[in-house]
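Novice: Here the protein sequences line up with chains A and B, keeping their order. This note's numbering applies: residue 1 is where the first sequence begins, and numbers increase by one. This note's numbering applies: residue 188 is where the second sequence begins, and numbers increase by one. Think of the CB as a built atom: it goes at the ideal place given N, C-alpha and C, for glycine as much as any other residue.
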Amino acid sequence: MKPSKLDHIWNQIEEDLLFQYDEYHRDALQMAIQNLPTYLAPDSVWTNIEKNIDNKSLVVRWKNLLLVAAILVMLLSASLWFQQLMVEPKVLYTKANLNEVSLTNLTDTSSSIFKELKEATCSIKPSYCLSDDFIQAESEYNELLAMQEDILKHANVYDNGDQMEMMMLKLEDRKKTIEQELIAQLN
Amino acid sequence: MLINYTDIELVEGCKENNRNLQKVLYDRYKDAMFTICKRILPDDDLACDALQEGFVEVFRSIKSFRLESTLGAWIKVIVIRKALHLAKRYTPIVELEEHHEQEAIHWDSSLTGKALNRAIENLPTGYRKVFVLIEVEGYSHRETAAMLGISEGTSKSQLYHSKRLLQQQLATLKN
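1. For chain B, find out if any of its Cβ atoms is closer than 8 angstroms to the Cβ of W46 (chain A); answer yes or no.
2. Does any CB atom of chain A fall closer than 8 angstroms to the CB of D218 (chain B)?
3. H154 (chain A) by DSSP, collapsed to three states: which one?
4. Could you check if M86 (chain A) is buried or exposed, using at least 16 other CB atoms within 10 Å of its CB as the buried criterion?
5. Would you tell me roughly how many angstroms separate the C-alpha atoms of A147 (chain B) and A32 (chain A), rounded to the nearest one?
6. Please give me, in chain order, every unbroken run of the alpha helix (DSSP H) with length at least 4 that falls completely inside the stretch 217-242 of chain B.
7. Following the continuous alpha helix (DSSP H) through S344 (chain B), name the residue where it begins and the one where it ends.
8. Find the residues of chain A that neighbour G300 (chain B), judging by a C-beta separation of less than 9 angstroms, and give them in chain order.
9. For a contact meaning CB atoms closer than 8 angstroms, what does N52 (chain A) contact in chain B?
10. Would a C-beta distance cut-off of 8 angstroms place L186 (chain A) and T109 (chain A) closer than the cut-off?
11. Look up K175 (chain A) in the DSSP assignment and say whether it is helix, strand or coil.
12. Write down the C-beta distance between T331 (chain B) and I321 (chain B) rounded to the nearest angstrom, noting that I regard them as a contact closer than 8 angstroms.
13. Return the Cβ separation of V319 (chain B) and I337 (chain B) in integer angstroms, given the expectation that the two are a contact with Cβ distance under 8 angstroms.
14. Give the straight-line distance between the Cα atoms of D233 (chain A) and W294 (chain B), rounded to the nearest whole angstrom.
15. Report yes or no: do three or more beta-carbon pairs, one from the stretch 242-255 of chain B and one from the stretch 61-72 of chain A, lie closer than 8 angstroms?
16. Taking 8 angstroms as the CB-CB cut-off, is L67 (chain A) touching chain B?
17. Any Cβ of chain B within less than 8 angstroms of the Cβ of I49 (chain A)?
18. In whole angstroms, what separates the C-alpha of A184 (chain A) from that of I178 (chain A)?
19. With DSSP as the reference, label A41 (chain A) as helix, strand or coil.
20. Could you check whether A237 (chain B) and K269 (chain B) sit closer than 8 angstroms to each other, using their CB atoms as the reference points?
21. Are the CB atoms of I249 (chain B) and K217 (chain B) nearer to each other than 8 angstroms?
22. Can you give the Cα-Cα distance for E240 (chain B) and S79 (chain A), rounded to whole angstroms?
23. Assuming E244 (chain B) contacts I267 (chain B) under a Cβ cut-off of 8 angstroms, what Cβ separation, rounded to an integer in Å, is found between them?
24. Exposed or buried, R315 (chain B), counting other C-beta atoms within 10 Å across all chains shown (16 or more means buried)?
25. In whole angstroms, what separates the C-alpha of V323 (chain B) from that of W261 (chain B)?
26. Under 8 angstroms between the Cβ atoms of A137 (chain A) and E172 (chain A)?
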């Protein structure tokens with residue numbers, strides 16, 4: 001049997017009544033909560049709080065001092081480190097490396113090394129000695145030597161500028177590569 | 188008169204470590220906060236410790252107070268956290284199964300604040316904390332769960348069980 005419209009209305013009324021009943025009882029709890037007793041804080045608590053604040057501020061002051069000291073040490077170390085970084089590359093590329101390389105004797109030594117290498121190559125591997133690769137390597141080597149000689153001439157005039165020295169090193173690098181390639185052929 | 192300072196003036200004074208204004212602020216909120224501590228920690232000494240640690244924390248961190256809530260609400264959260272921390276040391280909260288079907292609890296209309304207070308004092312600490320935070324202090328289940336480090340479901344269960352226990356306590360006290 002389908003519930004009639006009247007039954008439905010009664011269900012609604014019953015729900016409302018139950019809700020009101022719950023609310024009524026809830027109100028009783030809320031009333032009691034509002035009437036819960038309150039407590040007075042003992043006077044001794046403030047004295048302890050004051051002592052703690054004083055101690056904390058002392059600790060904070062010391063902590064701040066330590067923090068400032070630590071920051072100063074870090075800044076000092078960082079500035080020293082940066083200073084070292086700025087100076088080191090100059091020494092490495094201009095003075096230390098170039099002092100080791102004797103610029104004046106460089107071209108003479110190189111040409112005698114290449115002569116020895118050529119003789120050895122041609123006696124051990126005559127076919128390679130006549131190949132295009134070898135001829136190209138020899139001509140490049142000679143060009144490098146000529147360029148170095150040219151730079152040396154200018155270096156004497158302009159008192160060894162940094163860029164010229166760097167160029168010398170680059171050419172020297174390339175020459176070494178060619179020498180190594182020739183040695184590799186001999187092996 | 189010192190009592191007439193606004194909360195903002197008190198905060199500014201406390202930020203400058205003005206001892207007089209710190210005392211005014213303390214006097215303004217001490218009893219309300221001690222009452223909360225006493226409800227969470229019925230033991231007098233522990234309640235005093237919570238109040239003390241709470242206000243030390245208040246004065247220490249007042250520089251971070253941005254007036255996003257009322258001063259009282261901000262202090263209350265700090266003090267409650269201290270009280271809960273102390274309570275945790277003695278009785279850790281027990282995770283209960285979530286209770287989905289909760290029957291309505293009917294309170295006697297003659298229930299008095301004094302009787303309820305006695306019953307609250309006799310509740311186990313875990314139940315007492317949840318009941319006080321939700322029903323007395325008006326925090327939501329979500330806020331309570333966050334403060335106690337439990338799930339919302341556990342908070343609801345604890346509240347239901349605490350009410351049941353309270354009723355039993357009240358019935359015993361009445362008899």
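Specialist: Once the coordinates are examined:
1. yes
2. yes
3. helix
4. exposed
5. Look at the range of chain B in this structure, 188 to 362, and you will see that residue 147 (chain B) is not part of it.
6. none
7. 339-361
8. M31, A32, I33, Q34, N35, L36, P37
9. Q239, V243
10. no
11. helix
12. 6 angstroms
13. Wrong, their Cβ atoms sit about 15 angstroms apart, outside the cutoff.
14. This structure does not reach residue 233 (chain A), given that chain A is present from 1 up to 187, and the question cannot be answered.
15. no
16. no
17. yes
18. 10 angstroms
19. coil
20. yes
21. no
22. 43 angstroms
23. That pair is no contact at about 11 angstroms.
24. buried
25. 17 angstroms
26. no
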